[in-house]
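Protein chains in written order, with our numbering: chain R, 1 to 623; chain A, 624 to 1246. All C-beta atoms, glycine included, are put in the ideal place defined by N, C-alpha and C.
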């Protein structure tokens, strides 16, 4: 590590790096023993690698390790967190005196790393995700910022079984990310068992080579070999590089090295003393520093001027998915940090409208949703406003990555198109019917669900401006424009689309079901029944007080209707919020897609699965 | 295809197979034009391959194509469904006269295949999942049933970008599944774009070879090459085989062959006539057969005698995750179809208790959750009672596969351990806090959440006996046994754990929060406030009438408390059900984990994140 201008790595002497590796081991053992839990053996196998990476290869500003020009390190095997913290401390990014706060509720040094720690860009700990984040960081540096920052990702051999790793490997090779180096700690021991290939690191080499990577196998405890391999990686042009390092779990401490049954176990105080003695001894650690060294600022969404407003005619038939694409293009004109990633469905999600206008800011992710989300997290960590789109149902493929994006405090935006049974003939495999439940259960997420093209444009802009995970749910069918172009859509918020002093129930809907609710309103009117109709374009968060006032005004009677399964969707969100508000609800009916749908025509399916206008009419009358 | 005894494939003449391929093309074109949608060009690229597989390689009983000894075919590229239906029709498994019902609401021939169609074992259409299902079918035949049935999986080149494919490839090679053949239709055209490697089929060959497969590249429109490659695959011992077939999307029809912009588009009537003429013409199709040919019976869970009952002492400290493992072992003794798959965490989920007792029925899935679920679906399709376990949070990795398992009408069981903040120091990446939302939104799923070891054993048994997706949520900490060993746990159902005629509120909880509720009950009692405490061990389905009666008896006041995010969990399930029951709720308070948790001690976290006994006491008093 050197706070140096760009150029060849300014390496410390090999002896100094060996001493750093020794200290990293001791720090890792001490911190886990102090915490009473953690994964010391997983730290010891990788200590030489991490010392080589941090104190030979990487160039970063120790006070600003997340700066645009700093090289980055991603610890994909997040359970080796104590090793990362030790390296950051020895590199001067955090005080050594913090290390013994590991896993304490007061500490930013959690059991697995999060971006609360300086130098960490994304949370890890769900295995197999770090290489995608690294690819996102690397593509941001190479293709968008066009600087020479490099990215190093340390993976465990156990996590190489995760498909996400190979999605990332293919993506990185496709984009020729020669600023990306993967280092695999092949210690041959998983949590419960030997790994699939044990110490046969050549298998991993062949897999990486088949993906188009430069790859080599080394002895992961030979510092000469490590530094030479890192030098070769840095010198490689046109392709990413993999270093497959044969290591020993628990290396350096005889009584835990390569032993079964030591995964995720801290040493006792006595064993710690023995271990430190074996490692050559160490000074007493400094007094624990209780003041947190959390990084001063997490990335915030870029600010940008107002984009070109929507330009639709009332009643014009436009799919919200198409308006999403139009919005992205308009946002791209005023927000140069905006980038989009799609999974070979950009002609369905309409990301292609942006991609055609700004090809240099559009990344084809092919059919690999997990990697797309990881890449977006990497891009967002560099301050880019990242939008990921796929069919709503296929975003389920990346639920773990989205969950981890939230732990990363990432600002990524996701668009799920083709929600619900209204897609029609393609059938249930293509219908997003659990996406509201999925995104609502992401802490801090914003869930937006436009019902017309104006709302879709405005809400896409809202997502771009908003921190945290934002989800925009779009629909396949064309629906009429119902809002004037100048309408605004605050978040949280909703629109009262039909209202009279005589309303006897409130119907709450969004997307295609809002249009069914409007038909139902008309039909009920002819029968002399007046109902309020609310467009709940923001499904999370919900302003329960404001919504409750409307429901109260209609004698506490509410019907919700959604093109989604009943669980965790719009209906439960509304009922849950209103029930807790207290004294609001008198009678409630939730209409949603019950049972597994089939292929059929969209209108047939809305009717057969219980969310069409006639069902709304019946539900209102039943109340 | 031949309804033959086992032995060498009884091939039809090559000319007959070519004629079959021609008919498959015509059927596919006709059906999609009739439907007005679908993916005809994706059928045409693979028609020769499918003809070779069905009419040369495969041996199955045409009236019982899903029988144990029949070879199986999995269409991983599910959008080529019309081609599969055409092959099944030409093979005699369904009437040709059904083909023109494609995508009609009345028809089992949906836009993407489901097991309602004879010969289909699992729903496909979310790409990249079929090879895992195929691996599950193959491992069931080879390792459990020990018969000679073979499995053929047809994949598209676009879906090879999905990591799930490579998880499956590694798994199949690891288990030496030489009864598994993957055929990749390398037509070089994705939905929106050329695929990553276009026609460079050698890249796929190298990737498969790196995984330990036998692999070769062929011309996918040469019937000689196809049959020879299939013969070589069948003759291969000890490893699975991949045939990488270079093809042309839309092959056989000049005006759509290898053309951009034709993905997922049906031909017009005029174009259809031109296409059929180019293909050599065909007789008029038979009159449409409206009577469904859906397969007579989907697999049902095996029946088995009562297992050894739980054997705990009241107050004994046992983690529900450990009781799950104990239950699996007891069930394994009475249900020989029971198999378990784990993802290198069996010493944490306690699947290892079963694995040690029945090693031949335990499959190490390594760290690859997507593949585990697909393998389980394949095993369940053969009638095995499959249990998959991982940390609850890591099951999010397989949400798309679980979603598709529901479309498959599969009977798989999943156990998610380490739910909630009660895991403590490992931090948020390891905490399952969205799993209830995720599984509740699976249609027909059963969601079970035991609070003690007796319940955990009984509910694991209930899962094994129950159709559909069953989820068992287990906890990391040891908790006291509160039920007698003979207690039964009907599904749906709940237990009233504390009850008096003077109860002023109902507290509904499960898992660790039930024990907090019991503490709160005790504390409130000392303050002269009596509350009812309910263990909602079955979170889905809920018997709202029975539950409502208790809430009504406590003046409609209810507090829910769960170690889960507020959205889509126990609280929303209860409130949603009660609100709709009508007139039950007067005041409600939901306690759940709000905000992103941190590392810390379990008890600290329960308290800091608002779900400990003091919070329950406060919530009750607030109501």
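Chain A contact for residue i (CB, 8 angstroms cutoff)
i, result
"residue 105(R)", "yes"
"residue 415(R)", "no"
"residue 525(R)", "no"
"residue 339(R)", "no"
"residue 213(R)", "no"
"residue 576(R)", "yes"
"residue 366(R)", "yes"
"residue 438(R)", "yes"
"residue 444(R)", "yes"
"residue 174(R)", "yes"
"residue 585(R)", "yes"
CB contact below 8 angstroms: residue i versus chain R
i, result
"residue 862(A)", "no"
"residue 1234(A)", "no"
"residue 782(A)", "yes"
"residue 1094(A)", "no"
"residue 1017(A)", "yes"
"residue 952(A)", "no"
"residue 735(A)", "yes"
"residue 1238(A)", "no"
"residue 753(A)", "no"
"residue 1139(A)", "no"
Extent of the continuous alpha helix (DSSP H) to which residue i belongs
i, result
"residue 665(A)", "663–675"
"residue 256(R)", "Taken as a continuous stretch (DSSP letters only), residue 256(R) belongs to no alpha helix (DSSP H), as it is neither H nor E."
"residue 1097(A)", "Residue 1097(A) -> no alpha helix (DSSP H), and no H or E assigned at all."
"residue 1240(A)", "1236–1245"
"residue 270(R)", "269–278"
"residue 88(R)", "81–90"
Residue range of the unbroken beta strand (DSSP E) whose run includes residue i
i, result
"residue 755(A)", "Per DSSP, residue 755(A) belongs to no beta strand (DSSP E); it is in the alpha helix (DSSP H), 753–762."
"residue 778(A)", "774–779"
"residue 941(A)", "940–942"
"residue 241(R)", "241–246"
"residue 74(R)", "72–75"
"residue 629(R)", "Residue 629(R) lies beyond the range of chain R shown here (1 to 623); nothing can be said about it."
"residue 804(A)", "803–809"
Same chain, Cβ closer than 8 angstroms to residue i, neighbours up to 5 away in sequence not counted
i, result
"residue 895(A)", "652, 653 and 656"
Residue i (DSSP reduced to helix, strand or coil)
i, result
"residue 1(R)", "Low confidence applies here, because residue 1(R) scores a pLDDT of 39, under 50, leaving its location unreliable and the question unanswered by this model."
"residue 660(A)", "coil"
"residue 401(R)", "helix"
"residue 630(R)", "For chain R, the structure presents residues 1 to 623; residue 630(R) sits outside this window and is missing."
"residue 649(R)", "This structure does not reach residue 649(R), given that chain R is present from 1 up to 623, and the question cannot be answered."
"residue 30(R)", "helix"
"residue 233(R)", "helix"
"residue 6(R)", "For residue 6(R), the pLDDT reaches just 42, beneath the cut-off of 50, and the residue's location in the model is therefore unreliable, although a value from the coordinates is still provided. Coil at residue 6(R), not helix or strand."
"residue 726(A)", "coil"
"residue 1082(A)", "helix"
Contact set for residue i: own chain, Cβ-Cβ below 6 angstroms, skip 5 residues either direction
i, result
"residue 1085(A)", "1114"
"residue 697(A)", "753, 756, 757 and 776"
"residue 588(A)", "In this structure chain A extends from 624 to 1246, so residue 588(A) is not present and cannot be described."
"residue 355(R)", "346 and 362"
Own chain partners of residue i with C-beta closer than 7 angstroms, once the 5 adjacent residues on each side are dropped
i, result
"residue 8(R)", "With a pLDDT of 42 at residue 8(R), under the threshold of 50, the predicted position of this residue should be treated as unreliable, and no value is reported."
Beta strand (DSSP E) runs contained entirely in the segment 1164–1214 of chain A, provided each spans 3 or more residues:
1180–1184 and 1210–1214
To test your reading of the DSSP string, which unbroken alpha helix (DSSP H) runs of 4 or more residues are found completely within the segment 482–542 of chain R?
512–526
Any chance you could list the beta strand (DSSP E) runs of at least 3 consecutive residues sitting entirely within the segment 367–452 of chain R, in chain order?
385–391, 413–417 and 446–448
Can you give, in chain order, each stretch of the alpha helix (DSSP H) that sits fully within the segment 290–343 of chain R and has at least 4 residues?
320–334
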